[in-house]
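K.L.:
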Amino acid sequence: MVGSGSEIAVAGPGDVQDDEFETSDFDASSISRFGSVPSSIYRHAYENGRRYHKYRYGTYPIPNDETEQNREDMKHVAILELTRGKNFFAPIGDYPKKIIDLGTGTGTWAIEVADMFPSAEIVGCDLSPIQPFWVPSNVRFIVDDIEDEWVHGDNWDLVHIRQVFPAIQDPPGVCRQSFSHLRPGGWIEVQDFGGIVKCDDDTLPEDSLLVQFYEMTVEALSKRGIRWTIANDMDQVLQDVGFVNIQCKRFKCPIGIWPKAKRLRLVGLYMKSAFADLIDALAPRVFPMLSKSPQQMEEFLASAQNELQTTNAHIYLDYFFWYAQRPPTD
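Residues are numbered in my numbering as their position in the sequence shown, beginning at 1, plus a constant of 14.
What follows is the structure in C-alpha cells.
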C-alpha cells in the first residue's frame, strides 16, 4: 500500500488564530458552485423531516436534500485540500475518451473532470436527480441504480466510484460490471472513508459517543447486508473480480482543527461539519434497526453532537483511493 498515512502533527497553543478561517471558508451554503435543476421537475420521498430519492426508494439510506448536498460538497472540498487538488490517482493519461462517475451525487466531481478533459465524454449516474442544469457540454447526468444491470455502454477509460460502497449492498457486483465494461487496460477507482474513528494518541476517551455512533452504524447497516467499513478491504474485492495493478493511497482525514498544518486544519473544519450532518442524516435509519426508542435517539444524538463540538481528541478517518486496471489483454 502506497499512501500518506504518517502521523499528523498536532497544533500548539500559538498555531491556531481565532479568526483564521473566515465564515466564507466553511459556510455550507457557499460550498455548492452550481444551481440545481428545479426540484419540482422530479419526485422525491419525505421521511423524518428529510428528503430522499423516490426512484428505488429505500435503496440508499442517506437523504438527498439541500443539507445533504452541502455536506457532499463540503467533503469534496475537504478531499481536494487533503490531496492538494487531485480528483483521482488512476493513471489514465492526458487524453481519456470516456469516464463514468457512478453515484455522482451533486455531480461536482464529474463537472470538474469534464473541465480537465474537454474532449472526453463524462457521464454521471445517480439515484437522485440533484445535479446542476448548466454544465460543460461534454458531461451528462442520468438517473439509474448502479447496482442494476449495466446499460451505459462499453470501452470506458475510467469508472469512478466515490463514497458510495459503504451504503449499498453489492459493491462486488458493481466492480464486476465495471470490469466488464471498461476497455482493456482501463481503470477503476474507488474512493472512500474507512468508516472507523481513529486516534493515534491517548486523547480519545474509551467511552466516546462518536466511536459508538460509527459502531452502531456498522451494526445496523450489516442487518441490511451493507458493509460500512468495506473501503479497508477493497484490494480483495478488486482482486477477486480480476483487476490487476491494484494500488492504494491512504490519507488521514482529520476531524476538527487540531492539526498543526493550516491546510489540514481547514480539512478538519470541513470534516467536523460534515460529521455533524452525517449523525443527523443517518440516525433516523440507523436507530430503528437497533430497537432504539425516539427518546433514546434524541438523547444520544444530543450527547454525540455535544462531544463532537467540544472534544479535544485528535481524531481522524482514513480516506482511501483504491485504483486498479482491467488487464490490457484478457
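Every residue, glycine too, gets a C-beta built ideally from N, C-alpha and C. Just so we're clear, the structure is a prediction, and the values are computed from it rather than from any experiment.
Considering TRP123, what are the terminal residues of the beta strand (DSSP E) in which it resides?
P.N.:
Locating residue 123 in the sequence shown gives position 109, counting from the first residue. Unbroken run through TRP123 is the alpha helix (DSSP H), 122-130; no beta strand (DSSP E).
K.L.:
To which residues does DSSP link ARG176 through a beta bridge?
P.N.:
Taking the sequence shown and counting its residues from 1, one reaches residue 176 at position 162. For ARG176, which the question treats as bridged, DSSP gives the partners GLN205.
K.L.:
Please classify VAL258 as buried or exposed, where buried requires at least 16 neighbouring CB atoms within 10 angstroms.
P.N.:
To locate residue 258, count along the sequence shown from 1; it is residue 244. VAL258 is exposed by the Cβ-count criterion.
K.L.:
Between which two residues does the alpha helix (DSSP H) carrying TYR228 extend?
P.N.:
For this step, residue 228 is matched to residue 214 along the sequence shown. Its alpha helix (DSSP H) spans residues 223-236.
K.L.:
Please state whether DSSP places TYR346 in a helix, a strand or coil.
P.N.:
With the chain running from 15 to 344 in the structure shown, residue 346 is simply not present.
K.L.:
Quick check on VAL204: buried or exposed, where buried means 16 or more other Cβ atoms within 10 Å of its Cβ?
P.N.:
Counted from its first residue, the sequence shown places residue 204 at position 190. Answer is buried; the Cβ neighbour count reaches 16.
K.L.:
Report the residue ranges of all beta strand (DSSP E) runs contained in full by the segment 307-340; include only those spanning at least 3 residues, in chain order.
P.N.:
Runs of the beta strand (DSSP E) inside the segment 307-340: 329-339.
K.L.:
I'd like to check one pair, VAL251 with PRO185: are the Cβ atoms closer than 9 Å?
P.N.:
Here residue 185 refers to the residue found at position 171 of the sequence shown. Here residue 251 refers to the residue found at position 237 of the sequence shown. Yes.
K.L.:
Using the rule of at least 16 other Cβ atoms within 10 Å of the residue's Cβ for burial, across every protein chain shown, is ASN326 buried or exposed?
P.N.:
Numbered from its first residue, the sequence shown carries residue 326 at position 312. Counting Cβ neighbours within 10 Å, ASN326 comes out exposed, since fewer than 16 surround it.
K.L.:
Taking only the alpha-carbon atoms, compute the straight-line gap between ASN84 and THR343 and give it to the nearest angstrom.
P.N.:
Stepping through the sequence shown from its first residue, residue 84 is reached at position 70. Stepping through the sequence shown from its first residue, residue 343 is reached at position 329. For ASN84 and THR343, the distance between alpha carbons rounds to 42 Å.
K.L.:
Measuring CA to CA, which of MET248, ASP249 and VAL232 is closest to TRP242?
P.N.:
One-based indexing of the sequence shown puts residue 242 at position 228. It is VAL232.
K.L.:
May I ask you to list the residues that DSSP assigns as paired with VAL281?
P.N.:
Reading the sequence shown from its first residue, position 267 is the one you call residue 281. Paired residue(s): none; VAL281 is not in a bridge.
K.L.:
By DSSP, does PHE265 sit in helix, in strand, or in coil?
P.N.:
By one-based count along the sequence shown, residue 265 stands at place 251. DSSP places PHE265 in strand when its eight states are reduced to three.
K.L.:
In whole angstroms, give me the CA-to-CA distance for LEU224 and GLY167.
P.N.:
In the sequence shown, the residue the question calls residue 224 occupies position 210. In the sequence shown, the residue the question calls residue 167 occupies position 153. Approximately 42 Å between the Cα atoms of the pair.
K.L.:
Give me the Cα-Cα distance between ARG47 and PRO150, rounded to the nearest whole angstrom.
P.N.:
As a first step, residue 47 must be located in the sequence shown, where it is residue number 33. As a first step, residue 150 must be located in the sequence shown, where it is residue number 136. Its pLDDT being 35, under 50, ARG47 is placed unreliably by the model, and nothing is read from it.
K.L.:
Could you give the first and the last residue of the continuous alpha helix (DSSP H) run that contains GLY187?
P.N.:
Sequence index remark: in the sequence shown, residue 187 carries index 173 (1-based). Segment 185-195, the alpha helix (DSSP H) holding GLY187.
K.L.:
With a CB to CB cut of under 6 Å and the five nearest residues on each side skipped, what residues in its chain are close to TYR333?
P.N.:
As a working mapping, residue 333 is identified with position 319 in the sequence shown. Correct list, in chain order: PHE207, PHE265 and CYS267.
K.L.:
Does the segment 169-187 come close enough to the segment 113-124 to have 3 or more Cβ pairs within less than 8 Å?
P.N.:
Judged by Cβ distances under 8 Å, the segment 169-187 makes contact with the segment 113-124, as three or more pairs qualify.
K.L.:
Do you know whose CA, among ALA181, SER192, ARG98 and GLN183, lies nearest ARG340's CA?
P.N.:
On the sequence shown, position 326 is the one that residue 340 refers to. With distances taken between Cα atoms, ARG340 lies closest to SER192.
K.L.:
Tell me whether the segment 306-324 and the segment 121-134 touch, counting them as touching only if at least three CB pairs, one residue from each stretch, are closer than 8 Å.
P.N.:
Result no; under three Cβ-Cβ pairs closer than 8 Å.
K.L.:
Identify whether VAL255 lies in helix, strand or coil by the three-state DSSP scheme.
P.N.:
Working through the sequence shown from its first residue, we reach residue 255 at position 241. The answer is helix: DSSP assigns VAL255 an H, G or I state.
K.L.:
Going by beta carbon distance, what residues of the same chain come within less than 7 Å of GLY199, once the five residues before and after it are set aside?
P.N.:
On the sequence shown, residue 199 is found 185 positions in, with the first residue counted as 1. Only GLN339, ARG340 and PRO342 meet the Cβ criterion.
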